[in-house]
């Protein structure tokens, strides 16, 4: 978006990254009420624009990128909190109007493009297992590599999920990250794919900053909640 | 400059950790046409109970050495129970425990392939 607007790609990324890091505070504006959505987008635009300016880019480009990212995240979050199960995925929620369906489809595609660098890495890693017996399927919002020869469990990179030998998308797994609920691993990984679609290249740094592979990681807790029928967004408010 | 730093950060993140969700063996599958109630008791006393539908597959997020007992029952009748010692034996059934699925049947658990 920044490149199209005449700025440098890096400034747009910096703006979006800075805004994402500030999102916890921005999301608190108006206690998350829908009527304050415009205020939150405006706040994100100011933060993003300032970051772009400080890092040598154009205020307008940074503001636009950050505003888009905030609108994108809040839309997805709203769907997750109030929509049907499929509405939790970016752009696929139940909506009566053609315009709404088109918008969600566009958001879903944008999210998949946003997550594409990670998806490519995951796909390359997954394909490396094919000569050793790994199989390819599509499901849970991802390209799935099953029967992967190495490891035990599942790993998600963008819209690509790798299941080690013995683990399958349909498997029920009690005790994931200490969670005693009997959760479906495929749906847990699907939650991660949607997190990737929202955060794109910032997902992995954000995941790492949230504690890496640990029970306290907000992204893992959110993926567990998503598998149980809740929201995939780590910092959702309300029930 | 910033893009380069972000790429390096991305690679560092990949190396340091990404969502790798462990699913520990033994892996099980309900081969009956009725749901199976599963109750896991951890060594620390935590109890995790759930239902495995017909055909459903089960793995463990808990480390096997943290499990004290797993009970399988149908209509409140226990069909099998595995403790820490039996879990350890199940994991030694073959050189690679991921290759064995333990089938839950009316008369208890049995391996999908013969133990070596």
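Protein chains in written order, with my numbering: chain A, 1 to 239; chain V, 1001 to 1116.
All C-beta atoms in this analysis are idealised placements derived from N, C-alpha and C, irrespective of residue type, glycine included.
Neighbourhood of residue i by C-beta distance below 6 Å, restricted to the same chain and skipping five residues each side
i                       : result
residue 1082 of chain V : 1070
residue 226 of chain A  : 191, 232
residue 1094 of chain V : 1100, 1116
residue 122 of chain A  : 157, 158, 160
residue 298 of chain A  : Nothing in the structure corresponds to residue 298 of chain A, since chain A is present only between 1 and 239.
residue 207 of chain A  : 219
residue 1047 of chain V : 1041
DSSP three-state assignment for residue i, whether helix, strand or coil
i                       : result
residue 220 of chain A  : helix
residue 196 of chain A  : helix
residue 207 of chain A  : helix
residue 1049 of chain V : strand
residue 190 of chain A  : helix
residue 139 of chain A  : strand
residue 1001 of chain V : coil
residue 112 of chain A  : helix
residue 53 of chain A   : helix
residue 1064 of chain V : helix
residue 177 of chain A  : coil
residue 101 of chain A  : helix
residue 1030 of chain V : strand
residue 1104 of chain V : strand
residue 1113 of chain V : coil
residue 82 of chain A   : At residue 82 of chain A the pLDDT is 35, less than 50, meaning the model places this residue with poor confidence and gives no usable figure here.
residue 87 of chain A   : With a pLDDT of only 43 at residue 87 of chain A, under the threshold of 50, the placement of this residue in the model should not be trusted, and no figure is reported.
residue 250 of chain A  : No answer is possible for residue 250 of chain A: the residues shown for chain A start at 1 and end at 239.
Distance CB(residue i)-CB(residue j) smaller than 7 Å
i                       : j                       : result
residue 115 of chain A  : residue 175 of chain A  : no
residue 1023 of chain V : residue 1059 of chain V : yes
residue 1030 of chain V : residue 1052 of chain V : yes
residue 1025 of chain V : residue 1111 of chain V : no
residue 223 of chain A  : residue 188 of chain A  : yes
residue 197 of chain A  : residue 111 of chain A  : yes
residue 1102 of chain V : residue 1109 of chain V : yes
residue 126 of chain A  : residue 138 of chain A  : no
Chain-order list of residues whose beta-carbon lies under 7 Å from that of residue i (same chain, five-residue window excluded)
i                      : result
residue 200 of chain A : 114, 115
residue 151 of chain A : 164
residue 153 of chain A : 164, 167
residue 214 of chain A : none
Contact belief for residue i with residue j at Cβ below 8 Å, rounded distance in angstroms
i                       : j                       : result
residue 1087 of chain V : residue 1113 of chain V : About 18 Å separates the two Cβ atoms, so there is no contact after all.
residue 161 of chain A  : residue 134 of chain A  : Wrong, their Cβ atoms sit about 12 Å apart, outside the cutoff.
residue 149 of chain A  : residue 165 of chain A  : 6 Å
residue 1027 of chain V : residue 1057 of chain V : 7 Å
residue 1073 of chain V : residue 1037 of chain V : 5 Å
residue 140 of chain A  : residue 169 of chain A  : 6 Å
residue 155 of chain A  : residue 1019 of chain V : 6 Å
Heavy atom of the ligand MG within 6 Å of residue i beta-carbon
i                       : result
residue 1092 of chain V : The model depicted lacks the ligand MG and carries no ligand whatsoever.
Closer than 9 Å, Cβ to Cβ, to anything on chain V: give me those residues from the region 164-188 of chain A, in chain order.
164, 165, 166, 167, 168, 170, 171, 172, 173, 174, 175, 176, 177, 178, 179, 180, 181, 182, 183, 185, 188
Taking any Cβ of chain A, which residues in the region 1061-1087 of chain V have a Cβ under 8 Å from it, in chain order?
1061, 1062
For the region 112-135 of chain A, which residues have a beta carbon sitting closer than 8 Å to at least one beta carbon of chain V?
117, 121
Can you list, in chain order, the residues of the region 217-231 of chain A whose Cβ is nearer than 9 Å to any Cβ on chain V?
Answer set for the region 217-231 of chain A: 217, 219, 220, 223.
Give the residues from the region 1032-1056 of chain V that approach chain A closer than 9 Å (Cβ to any Cβ), ordered along the chain.
1038, 1040, 1042, 1046, 1047, 1048, 1049, 1050, 1051, 1052, 1053, 1055, 1056
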